[in-house]
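Numbering-wise (full-length UniProt numbering), the sequence shown opens with residue 1 and increments by one. Even glycine gets a Cβ: it sits at the ideal position worked out from N, Cα and C. Notes follow the structure.
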Amino acid sequence: MQALADRNFTTFVELLNVAGLEPLLAEEGIYTVFAPTNEAFDELPENAIPALENNTRELEKVLTYHIVDGKILMENNLENMTSVRTLEGEELPITVTENGVQVGGANITEADIVASNGVIHQIDKVLIPPSGAENTTSP
């Protein structure tokens with residue numbers, strides 16, 4: 001997904017590389033990616049990113065919670081869903097508010113960024129799976 005590298009997602013891409021996941025999105029396949037902006041990562045507690053970088057298992061859980069494998073979900077598809085199963089294995093809740101679509105409490109701030117093997121939705125928060133990474137990303 002070269003489109004990730006071409007936008008305001010450099011922290012997300014760097015962490016995908018640290019976790020060894022970047023090749024996954026470069027392979028053939030169909031993906032929907034909920035990509036946090038660099039600013040979303042800046043909102044995490046100060047030690048969260050270094051802690052995740054030092055625990056690649058937790059980092060992988062967090063990052064794969066942002067990826068849906070095998071589906072291209074455009075914003076109009078998401079509006080009719082209540083959740084979607086992520087690559088991490090957990091269900092990611094989807095809600096529609098008067099301001100638009102939210103996934104896991106994060107607002108989709110730019111939708112339907114088409115990539116060669118899927119679609120990217122820009123979000124304003126880093127998604128934390130219910131089953132992990134609380135100790136590294138909580139204030």
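Lys71 and Leu87 have their C-alpha atoms spaced approximately 11 angstroms apart. Restricted to the UniProt domain "FAS1" (1-127), the beta strand (DSSP E) segments that are unbroken, complete and at least 3 residues in length are 31-36, 67-69, 83-85, 91-97, 100-103, 106-115, 118-123, listed in chain order. Scanning Ala111, Glu28, Asp69, Asn76 for the CA closest to the CA of Glu91 turns up Asp69. Between Ala40 and Asp112, the C-beta gap is not smaller than 8 angstroms, which leaves the two residues out of contact. Between Leu24 and Val13, the gap from beta carbon to beta carbon reaches 8 angstroms or more.
At a Cβ-Cβ threshold of 8 angstroms, Ile94 and Thr109 do not count as neighbours. The shortest C-alpha to C-alpha distance from Leu21 to any of Ile67, Pro129, Glu43 is the one to Ile67.
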